[in-house]
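Engineer: I have a structure here, written as structure tokens, and I will follow up with some questions on it.
Residue numbers (the numbering used here): 87 to 378.
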């Protein structure tokens, strides 16, 4: 069922995939910056290095890694309440190595974003160690996709046939994240990049322009419309990406989660990021940014 990255034409037989059911829900947390020099501790996306205790009420992290981790915490709680016997839940964290200058000593601290996210999901958010794993992928999108696919193939008997991966990130980041991950999986399975037609490029750029002014719903509309434009390319792939918006998940916690989402959306850095994310998509479809 699953195509090999070393040999794009290789895969499991159709009969094998028909006999199996997906028994494991796989959630992928996209990496977030740990530190940004000169901007203090409040600049998203980030998650603190310190294991601060969880407090009642509004969380102090505005956006970025901790938002994604809180959303995964909510997904796991829902899974515990609703899952059927025989179903499993796995979380993979991603992100490369970040070099953090230490002002006091002048030394440079090297930390894995994926490793720190794994540690915090376990120590701060209470997920069991056996269901959380960081991906040794080098931090690239293609590396993440490749490492996940290899894990799926190696554990197929345990997890069953896998048809989708849930990728979780922030609302302002979701379309570019879905696009890059989908293109990476396409390249891994087909052995080549998607070639965008001039009509597709024009349609995507029109979506980017029209959705940017809409602060409330623009990012959702952007995702839906870009997915629709590219649907024909991704149809028939053995593995698809299900985008999960962290802020939407947190709304299910009630009024506090909904308020949290509003604070993120209104944050000045997030507003700036919405524009830069759209520029990243332009670079991607014009070939100025390669899926690595």
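Here a beta-carbon is modelled for each residue, glycine too, at the ideal position from N, C-alpha and C.
1. Could you check how far apart the C-beta atoms of residue 245 and residue 328 are, in whole angstroms? I think they sit under 8 Å.
2. Of all the options 290, 330, 316 and 261, which has the alpha carbon lying nearest to the alpha carbon of residue 360?
3. What residue range does the alpha helix (DSSP H) around residue 174 cover?
4. Please state whether the Cβ-Cβ distance between residue 258 and residue 344 is less than 7 Å.
5. By alpha-carbon positions, which one of 284, 349 and 341 ends up nearest to residue 372?
6. Strictly by DSSP, which residues pair up with residue 329?
7. Label residue 194 either buried or exposed according to how many other C-beta atoms from any shown protein chain fall within 10 Å of its C-beta, with 16 as the threshold for buried.
8. By the DSSP assignment, the beta strand (DSSP E) with residue 195 in it spans what residues?
9. Where residue 331 and residue 153 are concerned, what is the direct C-alpha to C-alpha distance, given to the nearest angstrom?
10. Note down, in chain order, each residue of its chain lying with its Cβ closer than 6 Å to the Cβ of residue 234, except the 5 sequence neighbours on either side.
11. What does residue 76 pair with, by DSSP beta-bridge criteria?
12. Let me see if you follow: with CB-CB separation under 7 Å, is residue 216 close to chain B or not?
13. What is the C-beta distance between residue 200 and residue 227, in whole angstroms, given that I count them as a contact (C-beta under 8 Å)?
14. With a 10 Å radius around its C-beta and 16 neighbouring C-beta atoms as the bar for buried, classify residue 181 as buried or exposed.
15. For a quick check, are the C-beta atoms of residue 248 and residue 238 less than 7 Å apart?
16. Going by other Cβ atoms of all chains shown within 10 Å of its Cβ, with 16 needed for buried, is residue 312 buried or exposed?
17. Per DSSP, which one or two residues make a beta bridge with residue 115?
18. Using DSSP with H/G/I as helix, E/B as strand and the rest coil, what is residue 324?
19. Who are the Cβ neighbours of residue 322 in its own chain at under 6 Å, not counting the five residues just before and after it?
20. May I ask which residues mark the beginning and end of the beta strand (DSSP E) holding residue 220?
21. Let's test the definition: count the other Cβ atoms within 10 Å of the Cβ of residue 305 and tell me whether it reaches 16, buried, or not, exposed.
22. What is the rounded straight-line gap between the Cα of residue 191 and the Cα of residue 183?
23. In the DSSP assignment, what residue or residues form a beta bridge with residue 184?
24. What are the start and end residues of the alpha helix (DSSP H) that includes residue 290?
25. CA-CA distance, residue 369 and residue 302?
26. What whole-angstrom Cβ distance do residue 367 and residue 309 have, given they're in contact under 8 Å?
27. Mind checking which residues open and close the alpha helix (DSSP H) that includes residue 242?
28. Short check: CB of residue 207 to CB of residue 155, under 7 Å?
29. Which residues does DSSP list as the beta-bridge partners of residue 191?
Structural biologist: If we stick to the structure as given:
1. About 16 Å separates the CB atoms of residue 245 and residue 328; that is not less than 8 Å, and the two are not in contact.
2. Out of 290, 330, 316 and 261, 261 has the C-alpha closest to the C-alpha of residue 360.
3. From DSSP, residue 174 is part of no alpha helix (DSSP H) but of the beta strand (DSSP E) over 174-179.
4. At the C-beta level, residue 258 and residue 344 stay beyond 7 Å of one another.
5. If you compare the alpha carbons of 284, 349 and 341 with that of residue 372, the shortest gap goes to 284.
6. Beta bridge pairing from DSSP links residue 329 with 253.
7. Exposed, by the Cβ-count rule.
8. Boundaries of the beta strand (DSSP E) around residue 195: 194-198.
9. The C-alpha of residue 331 lies about 10 Å from the C-alpha of residue 153.
10. If we look at residue 234 and ignore the five residues flanking it on each side, it has no Cβ neighbours.
11. There is no way to answer for residue 76, as the model of the chain reaches only from 87 to 378.
12. Among the chains of the structure shown, chain B does not appear; only one protein chain is present.
13. The beta-carbon distance between residue 200 and residue 227, rounded to whole angstroms, is 13 Å. This is too long to meet the 8 Å contact definition.
14. Buried, since its Cβ has 16 or more Cβ neighbours within 10 Å.
15. Yes. Within cutoff.
16. Buried, because 16 or more other Cβ atoms sit within 10 Å of the Cβ of residue 312.
17. DSSP, once it has assigned bridges, lists 179 and 254 as partnering residue 115.
18. Under the three-state reduction of DSSP, residue 324 is assigned to coil, being neither helix nor strand.
19. So the list is empty, once near-sequence residues are dropped.
20. It spans 218-220 - the beta strand (DSSP E) in which residue 220 sits, taken as one unbroken run.
21. Classification of residue 305: buried, given that the 10 Å Cβ count is 16 or more.
22. If you take the alpha carbons of residue 191 and residue 183, they lie about 20 Å apart.
23. Under the DSSP definition of a beta bridge, residue 184 partners with 197.
24. Looking at the DSSP string, the run of the alpha helix (DSSP H) that includes residue 290 is 284-297.
25. So the alpha carbons of these two residues sit roughly 25 Å apart.
26. In this structure residue 367 does not touch residue 309 by the C-beta definition: roughly 11 Å separates them, more than the 8 Å allowed.
27. Run containing residue 242: 242-245, per the alpha helix (DSSP H) assignment.
28. Cβ atoms of residue 207 and residue 155: closer than 7 Å.
29. Per the DSSP secondary-structure output, residue 191 pairs with nothing in a beta bridge.
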